[in-house]
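Enquirer:
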Amino acid sequence: MDSAIEIIRIRADAQVRPHQTQMNTLKTILYMGFMHGVFTVYLPYQLSARTQMFDLGIFRYLAFPLWILGALIIVQCSMDIIRRGRGTPAHLDPPKELVIAGWYRYVRNPIYLGALMVQFGLILWFGSTLAIVYAFLFFLAFHVLILIVEEPILRNQFGAAYEEYCRSVPRWIPKVR
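For the sequence shown, the working numbering gives the first residue as 187, with consecutive numbering after it.
The following block contains the structure:
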């Protein structure tokens, strides 16, 4: 009897999980689309496109690999949070499992680093000092958010596992091995 109940429970979990993954994917697309659309692309673009201050010539084309790599990091990390963490990157619906694979093996905040890469690409492409100031303020705001909001929540939620992760993986700059 107990084994029959266990089989039913496993099948029920298997049926719920794809729905949960689909919902997390939809929520992530909406959240990340809005947040990164506005704060990573739209606002810096508006500042950059109107205030070109310097021209880097051919070096401006370094913007393309930064845009591509930054966007790929953001997407891959979001997928890791959905699949491995069983949640979303949104603070209101965080992952249920600690994600320490993929880009999270190298730095604890790869999504923010991906966003900064996109912004540095805009700086290179448009040559805007206002975009430099915006990128600095963006980094500063998220650094403070991480210190006073995200990390305490993660410490509380994941305990010793998160503490060990913090000891072995840097917050921003990957260790050279």
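Glycine is no exception: its CB is placed at the ideal position from the N, C-alpha and C atoms. Here the structure is a predicted model, which means the values were calculated and not measured.
Output yes or no for whether 7 Å exceeds the beta carbon distance between aspartate 266 and glycine 273.
Expert: No, these two residues do not count as a Cβ contact at 7 Å.
Enquirer: Rounding to the nearest angstrom, what Cα-Cα distance links leucine 331 and leucine 212 in this structure?
Expert: 24 Å
Enquirer: What is the rounded straight-line gap between the Cα of cysteine 352 and the Cα of arginine 291?
Expert: 11 Å
Enquirer: Near arginine 341, which residues of its chain fall below 6 Å by C-beta distance, leaving aside the five closest residues on each side in sequence?
Expert: Tyr348
Enquirer: Indicate whether serine 314 and methionine 239 have their beta-carbon atoms separated by less than 7 Å.
Expert: yes
Enquirer: In the DSSP assignment, what residue or residues form a beta bridge with glutamine 238?
Expert: Ser314
Enquirer: Once the 5 residues before and after alanine 249 are set aside, which same chain residues still bring their CB inside 6 Å of it?
Expert: Gly307, Leu310, Trp311
Enquirer: Quick one, are the C-beta atoms of glutamine 305 and alanine 321 less than 7 Å apart?
Expert: yes
Enquirer: Of the choices Val227, Gln262, Lys282, whose alpha-carbon is the least far from that of leucine 302?
Expert: Val227
Enquirer: How many Å lie between leucine 242 and glutamine 232 at the Cα?
Expert: Going from the Cα of leucine 242 to the Cα of glutamine 232 covers about 19 Å.
Enquirer: Taking all protein chains shown into account, decide if tyrosine 247 is buried (16 or more other Cβ within 10 angstroms of its Cβ) or exposed.
Expert: exposed
Enquirer: Tell me which same chain residues have a C-beta within less than 7 Å of the C-beta of tyrosine 217, skipping the five on either side of it?
Expert: Thr274, Pro275, Ala276
Enquirer: What residues in its chain sit with their C-beta under 8 Å from that of phenylalanine 245, if we drop five residues either side in the sequence?
Expert: Leu310
Enquirer: Residues in the same chain with beta-carbon distance under 7 Å from alanine 235, minus the five sequence neighbours each way, listed in chain order, please.
Expert: Taken in chain order, the residues that qualify are Phe312.
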